[in-house]
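*Asks:*
Protein chains: 2
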Amino acid sequence: MLARSVEGYLTRSSWIRRMFEAGMELKRRFGADNVQDFSLGNPDLPPPAAVAEALQALAETASAPFAFGYMANAGYPELREALAQQLTVEQGVDLEAKHVVVTCGAAGAINVVLRSILDPGDEVLVLAPYFVEYGFYAENHGGQLRVVPTRARDFALDVEAVEAAITPRTRCLILNSPNNPTGRVYSAREIADLGEVLLRASQRHGRPLVLIADEPYRFLTYDGVEVPSMLAAYPYAVVVSSFSKSLSLAGERVGFAAIHPAIPEAGRFMDAMILANRILGFVNAPAIGQRILLAALGHQVDTTIYARRRQAMMQVLTEAGIRFAPPQGAFYFFPEAPGGDDEAFVRFLAEERILAVPGRGFGLPGYFRLAFCVDETVIARAAPGFARAVARAQA
Amino acid sequence: MLARSVEGYLTRSSWIRRMFEAGMELKRRFGADNVQDFSLGNPDLPPPAAVAEALQALAETASAPFAFGYMANAGYPELREALAQQLTVEQGVDLEAKHVVVTCGAAGAINVVLRSILDPGDEVLVLAPYFVEYGFYAENHGGQLRVVPTRARDFALDVEAVEAAITPRTRCLILNSPNNPTGRVYSAREIADLGEVLLRASQRHGRPLVLIADEPYRFLTYDGVEVPSMLAAYPYAVVVSSFSKSLSLAGERVGFAAIHPAIPEAGRFMDAMILANRILGFVNAPAIGQRILLAALGHQVDTTIYARRRQAMMQVLTEAGIRFAPPQGAFYFFPEAPGGDDEAFVRFLAEERILAVPGRGFGLPGYFRLAFCVDETVIARAAPGFARAVARAQA
Chain A
2 MLARSVEGYL
12 TRSSWIRRMF
22 EAGMELKRRF
32 GADNVQDFSL
42 GNPDLPPPAA
52 VAEALQALAE
62 TASAPFAFGY
72 MANAGYPELR
82 EALAQQLTVE
92 QGVDLEAKHV
102 VVTCGAAGAI
112 NVVLRSILDP
122 GDEVLVLAPY
132 FVEYGFYAEN
142 HGGQLRVVPT
152 RARDFALDVE
162 AVEAAITPRT
172 RCLILNSPNN
182 PTGRVYSARE
192 IADLGEVLLR
202 ASQRHGRPLV
212 LIADEPYRFL
222 TYDGVEVPSM
232 LAAYPYAVVV
242 SSFSKSLSLA
252 GERVGFAAIH
262 PAIPEAGRFM
272 DAMILANRIL
282 GFVNAPAIGQ
292 RILLAALGHQ
302 VDTTIYARRR
312 QAMMQVLTEA
322 GIRFAPPQGA
332 FYFFPEAPGG
342 DDEAFVRFLA
352 EERILAVPGR
362 GFGLPGYFRL
372 AFCVDETVIA
382 RAAPGFARAV
392 ARAQA
Chain B
2 MLARSVEGYL
12 TRSSWIRRMF
22 EAGMELKRRF
32 GADNVQDFSL
42 GNPDLPPPAA
52 VAEALQALAE
62 TASAPFAFGY
72 MANAGYPELR
82 EALAQQLTVE
92 QGVDLEAKHV
102 VVTCGAAGAI
112 NVVLRSILDP
122 GDEVLVLAPY
132 FVEYGFYAEN
142 HGGQLRVVPT
152 RARDFALDVE
162 AVEAAITPRT
172 RCLILNSPNN
182 PTGRVYSARE
192 IADLGEVLLR
202 ASQRHGRPLV
212 LIADEPYRFL
222 TYDGVEVPSM
232 LAAYPYAVVV
242 SSFSKSLSLA
252 GERVGFAAIH
262 PAIPEAGRFM
272 DAMILANRIL
282 GFVNAPAIGQ
292 RILLAALGHQ
302 VDTTIYARRR
312 QAMMQVLTEA
322 GIRFAPPQGA
332 FYFFPEAPGG
342 DDEAFVRFLA
352 EERILAVPGR
362 GFGLPGYFRL
372 AFCVDETVIA
382 RAAPGFARAV
392 ARAQA
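One line per chain: the protein sequences are A and B, in this order. Be aware that the first sequence starts at 2, since it is given in my numbering, and climbs by one per residue. Be aware that the second sequence starts at 2, since it is given in my numbering, and climbs by one per residue.
1) Between the Cα of B:L59 and the Cα atoms of A:A50, A:G9, A:I355, which residue gives the shortest distance?
2) Using beta carbons (cut-off 8 Å, strictly below), is A:P366 in contact with chain B?
3) By a C-beta neighbour count over all protein chains shown, 10 Å radius and 16 as the cutoff for buried, is A:N177 buried or exposed?
4) Got a sec: is the Cβ-Cβ distance from A:Q301 to anything in chain B below 8 Å?
5) Within the 8 Å Cβ cut-off, does A:T7 reach chain B?
6) CA-CA distance, A:G360 and A:F373?
7) Quick check: what's the CA-CA separation for B:V226 versus A:P169?
8) Would A:V255 and A:A286 be called neighbours here (beta carbons separated by less than 8 Å)?
9) So, at 7 Å on beta carbons, what are the nonlocal neighbours of B:F369 in its own chain, with the 5 sequence-adjacent residues on each side left out?
10) So is B:R334 buried or exposed if we call it buried at 16+ other beta carbons inside 10 Å?
11) What is the DSSP secondary structure of B:A234, reduced to helix, strand or coil?
12) Report yes if the CB atom of A:R389 is closer than 8 Å to the CB atom of A:E353, and no otherwise.
13) Would you say B:G252 faces chain A, with C-beta separation under 8 Å as the test?
14) Output the boundary residues of the alpha helix (DSSP H) element that contains B:L250.
15) Among A:R279, A:P47, A:G386, which one has its Cα closest to the Cα of A:C105?
16) Taking 8 Å as the cut-off, decide whether the C-beta atoms of B:Y235 and B:P179 are in contact.
17) Among all the DSSP beta bridges, which residues are the ones paired with A:T222?
18) Hey, which unbroken runs of the beta strand (DSSP E) at 3 residues or more fall wholly within the stretch 312-393 of chain B?
19) A:Y138 versus chain B: which residues are under 8 Å apart at the beta carbon?
20) So, for A:A110: in the same chain, excluding its five sequence neighbours on each side, which residues have a beta-carbon less than 6 Å away from its beta-carbon?
21) Straight-line CA distance for A:F156 to A:P209?
22) Give a single yes or no on whether B:L371 has its beta carbon closer than 7 Å to a heavy atom of the ligand HEM.
23) Quick one: what does DSSP say A:Q145 is sitting in, helix, strand or coil?
24) Rounded to a whole number of angstroms, what is the C-alpha to C-alpha distance between A:G252 and A:L56?
25) Contact between the stretch 322-330 of chain B and the stretch 179-190 of chain B: three or more CB pairs below 8 Å?
26) Can you give me the C-alpha to C-alpha distance between B:E26 and A:P78, rounded to a whole angstrom?
27) Give me the Cβ distance between A:S1 and A:A107, rounded to the nearest whole Å; I'm assuming they're in contact under 8 Å.
28) Grouping DSSP H, G and I as helix and E and B as strand, with all else coil, what is B:G256?
29) With distances taken from CA atoms, which of A:L46, A:Y138, A:N35 is nearest A:Y10?
30) Which one or two residues does DSSP pair with A:N177 in a beta bridge?
31) Where do the ends of the alpha helix (DSSP H) carrying B:A193 lie?
32) Residues in its own chain within less than 7 Å of B:Q291 by CB, not counting five upstream and five downstream?
33) For A:F387, tell me which candidate among A:A351, A:D123, A:S40, A:A73 has the shortest Cα-Cα distance.
34) Ignore the nearest five residues each way along the sequence and tell me which others in A:D45's own chain have a CB closer than 6 Å to its CB.
35) Compare the C-beta of A:N141 with all C-beta atoms of chain B and state if any pair is closer than 8 Å.
36) Whole angstroms is fine: what's the gap from B:G42's alpha carbon to B:A193's?
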């Protein structure tokens with residue numbers, strides 16, 4: 002009855018599902034408070050007060066005609082304008098409202114970009130480790146994922162490996178910085194080198210290769226690390242982002258895609274993305290989420306809380322003898338799995354009632370991911386369990 | 002730079018765009034109040050008070066952790082349960098929460114169903130006239146639209162024509178009742194006959210043919226007309242709907258897809274739709290829209306207003322000598338174009354500052370569509386213009 006691709010996904014994804022169910026079972030048996038869950042990137046910080054204030058204001062106008070009716074598929078004009086102003090500062094490139102389309106989160110934005118540019122059989126480059134959903138997004142639109150390695154241990158960009166992976170069928174590269182799962186922020190030097198490689202490949206093939214810069218964690222870096230501008234480094238970049246993390250609004254699904262104003266096809270590319278936003282069934286990003294975003298833009302959750310948790314986690318992992326590259330941004334660690342077998346180590350952790358995700362879930366076995374959207378007490382409670390799991394892995 | 006399919010869409014859709022722009026130009030020149038706009042199905046009635054009350058309640062809990070965080074991709078469990086209860090009454094078939102997935106409106110739901118069942122080259126049947134977006138939705142997932150005529154003038158279901166159009170590649174039929182653009186509600190007899198044809202075809206091909214029942218206007222019928230149950234008539238029906246019209250929440254994008262609990266593959270089909278909802282980039286229907294819906298379920302806009310407008314419109318059209326089948330539901334008329342050329346007649350109307358959509362925009366030239374989500378004064382003001390346009394068309 003089902004599409005062949007979807008039959009395949011349901012079969013393949015079953016082991017991740019089994020892990021999730023094993024975690025649920027642990028919580029049922031021992032109580033949620035007795036399980037240290039580092040498996041999910043669901044932000045636990047409360048939304049800033051501006052969100053509640055915006056909802057209050059919306060309640061007062063909710064009984065007017067067209068209060069939440071259709072708007073232009075690209076989003077409310079005043080929100081596009083506000084986003085363009087923010088992006089102009091962040092990216093150092095002058096954007097106008099017409100260069101921004103409001104989307105159902107970054108996931109919606111990436112699907113909108115891919116629908117706009119992929120012909121069947123086209124290739125989409127990603128850097129391992131990578132957010133596993135990218136593979137589905139590419140295949141939704143007839144594309145094929147090609148995975149390019151990053152450098153071992155510190156996950157630095159391997160620009161030569163990117164260049165070697167480009168073929169005449171390569172249409173785009175998805176780059177996530179700050180990175181989920183590694184916490185890596187690619188440096189200005191790395192991004193500049195990447196831009197040169199992409200520009201050369203675009204000239205060689207006579208068709209621009211698109212860089213999809215997936216940046217929902219741009220607001221969240223540590224130790225003064227800065228996220229360089231993607232638009233300044235490469236004109237055929239599309240910046241996509243969401244407010245799931247910065248405003249703790251993951252469920253409401255608001256984000257955007259924005260392009261460089263100076264590319265020759267800018268108008269037609271925007272038309273394509275707005276059309277894709279419509280025909281993929283999004284129609285437009287949620288009206289209420291858009292209105293909240295307009296009111297709350299510039300506000301964000303208290304990032305010092307994430308910074309403290311990162312410190313606490315570094316201490317716990319170091320004391321347990323687990324090796325890791327300190328995350329420069331986002332809220333994940335991607336340490337090396339003691340003993341080398343990530344699936345086994347994650348199982349040992351589960352036996353200590355600690356939930357994590359094996360690196361193979363991100364296309365890179367031998368590592369594991371810990372999300373620190375959890376209270377510091379959870380991190381502290383997990384310390385002895387980490388130590389015991391390491392001892393078992395190395396036995 | 003763009004995908005070939007999207008290049009094609011941008012070129013083809015340009016005449017509709019020109020019409021839209023011509024309408025905007027009329028409003029600029031003469032003022033919006035001096036243009037009678039029947040072109041858009043954007044509900045103008047205010048949302049019921051329950052929507053404002055729900056927003057007020059949400060504002061009070063918006064600063065709690067996870068207030069609007071990720072939930073299960075299928076939607077909030079309590080909303081799925083409430084929708085299942087409502088569907089059990091409407092469809093006369095016992096549904097549980099697990100048979101319902103909450104989606105980004107009906108457009109999101111249809112894309113979710115199609116992603117779940119279409120292999121490249123599969124055929125999707127629609128009845129002319131049809132909502133033109135269906136063609137894009139089919140092509141998003143590698144499908145091909147096949148258009149089946151309905152009976153002239155009253156748009157009754159031509160079950161023989163449906164049967165004749167079915168091939169081994171036919172995977173589904175999209176049926177919209179009450180219908181946009183005709184206002185037709187298919188009778189229990191028509192639906193029963195259709196169910197038999199689909200069942201025979203499913204048995205012949207050894208694979209169930211899916212009936213996508215697109216029902217956002219189920220709440221809005223006239224003269225006591227009832228919308229029959231699709232799930233009762235055909236077990237492989239998927240009911241999709243939204244609250245865009247019933248709660249005037251078109252911009253917030255909340256709807257659902259629901260299946261018959263008794264089909265053998267029910268669990269796997271739901272798993273596929275929930276996966277599709279996730280990977281298409283919706284992730285989940287908007288959290289705030291879902292919470293509003295849970296609070297406002299059972300409420301609806303004041304439908305007596307639509308009933309009065311329908312009466313007023315019937316009188317205006319009758320007096321102008323325009324022939325039409327009175328709509329049994331929804332908020333559209335689909336009259337015959339006087340003179341026979343729908344594009345010409347819509348142009349004559351525009352010269353009277355009346356905006357309508359030609360039937361060819363719905364795959365059926367010779368007719369035109371009028372949306373009556375407009376005040377009764379707009380209908381009254383348009384009366385002389387309709388009469389003059391008819392005179393010109395018949396000159």
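Beta carbons: idealized from backbone N, C-alpha and C, even for Gly. Note that this is a predicted model, so its numbers are computed, not measured.
*Replies:* Quick look at the numbers:
1) Taking the first residue of the second sequence as 1, we reach residue 59 of chain B at position 58. Among A:A50, A:G9, A:I355, the Cα nearest to that of B:L59 belongs to A:A50.
2) Taking the first residue of the first sequence as 1, we reach residue 366 of chain A at position 365. Cβ-Cβ to chain B under 8 Å: no for A:P366.
3) Walking along the first sequence from the start, residue 177 of chain A turns up at place 176. By the 10 Å Cβ count, A:N177 comes out buried.
4) By one-based count along the first sequence, residue 301 of chain A stands at place 300. So no, A:Q301 is outside the interface.
5) Locating residue 7 of chain A in the first sequence gives position 6, where the first residue counts as 1. Sequence check: residue 7 of chain A is Val here, not Thr. It does; some Cβ of chain B falls within 8 Å.
6) Along the first sequence, one-based indexing puts residue 360 of chain A at 359. Along the first sequence, one-based indexing puts residue 373 of chain A at 372. Taking the straight line from one Cα to the other gives about 16 Å.
7) For the purposes of this step, residue 226 of chain B is identified with residue 225 of the second sequence, where counting begins at 1. For the purposes of this step, residue 169 of chain A is identified with residue 168 of the first sequence, where counting begins at 1. Their backbone Cα atoms lie some 58 Å apart in a straight line.
8) Within the first sequence, the letter at position 254 stands for residue 255 of chain A. Within the first sequence, the letter at position 285 stands for residue 286 of chain A. The answer is yes: Cβ separation under 8 Å.
9) As a working note, residue 369 of chain B is residue 368 in the second sequence. Excluding residues within five positions, the ones whose Cβ falls inside 7 Å are P336, A338, D343, F346, V347, A357, V358, P359, G360.
10) Position 333 of the second sequence, counted from the first residue, corresponds to residue 334 of chain B. Checking the sequence, you will find Phe at residue 334 of chain B rather than Arg. Classification of B:F334: buried, given that the 10 Å Cβ count is 16 or more.
11) Here residue 234 of chain B refers to the residue found at position 233 when the second sequence is read from its first residue. B:A234: helix per DSSP, three-state reduction.
12) For the purposes of this step, residue 389 of chain A is identified with residue 388 of the first sequence, where counting begins at 1. For the purposes of this step, residue 353 of chain A is identified with residue 352 of the first sequence, where counting begins at 1. Yes, the pair counts as a contact, with Cβ atoms nearer than the cut-off.
13) Here residue 252 of chain B corresponds to residue number 251 of the second sequence, with the count starting at 1. Yes, because at least one Cβ of chain A sits closer than 8 Å to the Cβ of B:G252.
14) Within the second sequence, numbered from 1, the residue matching residue 250 of chain B stands at position 249. That residue, B:L250, is in no alpha helix (DSSP H); it is neither H nor E in DSSP.
15) The count along the first sequence starts at 1 and reaches residue 105 of chain A at position 104. Checked all of A:R279, A:P47, A:G386; the closest Cα to A:C105 is A:R279.
16) Stepping through the second sequence from its first residue, residue 235 of chain B is reached at position 234. Stepping through the second sequence from its first residue, residue 179 of chain B is reached at position 178. The answer is no: Cβ separation not under 8 Å.
17) Numbered from 1 along the first sequence, position 221 holds the residue referred to as residue 222 of chain A. According to DSSP, which records beta bridges pairwise, A:T222 is partnered with A:G330.
18) 369-372
19) Residue 138 of chain A sits at position 137 when you count from the first residue of the first sequence. Chain B residues near A:Y138: I280, G282.
20) Start at 1 with the first residue of the first sequence, and residue 110 of chain A comes out as number 109. Closer than 6 Å at Cβ, skipping near neighbours: T104, V241, G256, A258.
21) For the purposes of this step, residue 156 of chain A is taken as residue 155 along the first sequence, with counting starting at 1. For the purposes of this step, residue 209 of chain A is taken as residue 208 along the first sequence, with counting starting at 1. Roughly 26 Å between the two C-alpha positions.
22) The ligand HEM is absent from the structure shown, which contains no ligand whatsoever.
23) Stepping through the first sequence from its first residue, residue 145 of chain A is reached at position 144. A:Q145 falls in the strand class under three-state DSSP.
24) As a position in the first sequence, residue 252 of chain A is number 251, starting the count at 1. As a position in the first sequence, residue 56 of chain A is number 55, starting the count at 1. Roughly 15 Å separates the two Cα atoms.
25) yes
26) Along the second sequence, one-based indexing puts residue 26 of chain B at 25. Along the first sequence, one-based indexing puts residue 78 of chain A at 77. Straight-line Cα distance between these residues: approximately 19 Å.
27) What the structure shows of chain A is the stretch from 2 to 396, and residue 1 of chain A is not part of that stretch, so it cannot be assessed.
28) Against the second sequence, residue 256 of chain B aligns to sequence position 255. If DSSP states are grouped into helix, strand and coil, B:G256 belongs with the strands.
29) By one-based count along the first sequence, residue 10 of chain A stands at place 9. Looking at the Cα atoms, A:Y138 is the closest of the given residues.
30) Indexing the first sequence from 1 puts residue 177 of chain A at position 176. Answer is A:D215.
31) In the second sequence, counting from the first residue as 1, residue 193 of chain B sits at position 192. Taken as a continuous stretch (DSSP letters only), the alpha helix (DSSP H) holding B:A193 covers 189-206.
32) In the second sequence, counting from the first residue as 1, residue 291 of chain B sits at position 290. Within the same chain, B:Q291 has close Cβ partners G76, Y77, L80, V103, V255.
33) For the purposes of this step, residue 387 of chain A is taken as the residue at position 386 of the first sequence. The option with the nearest alpha carbon to A:F387 is A:A351.
34) The residue given as residue 45 of chain A occupies position 44 in the first sequence. Here the set comprises C374.
35) Start at 1 with the first residue of the first sequence, and residue 141 of chain A comes out as number 140. Closer than 8 Å: yes.
36) Residue mapping note: residue 42 of chain B aligns to position 41 of the second sequence, counting from 1. Residue mapping note: residue 193 of chain B aligns to position 192 of the second sequence, counting from 1. Roughly 30 Å between the two C-alpha positions.
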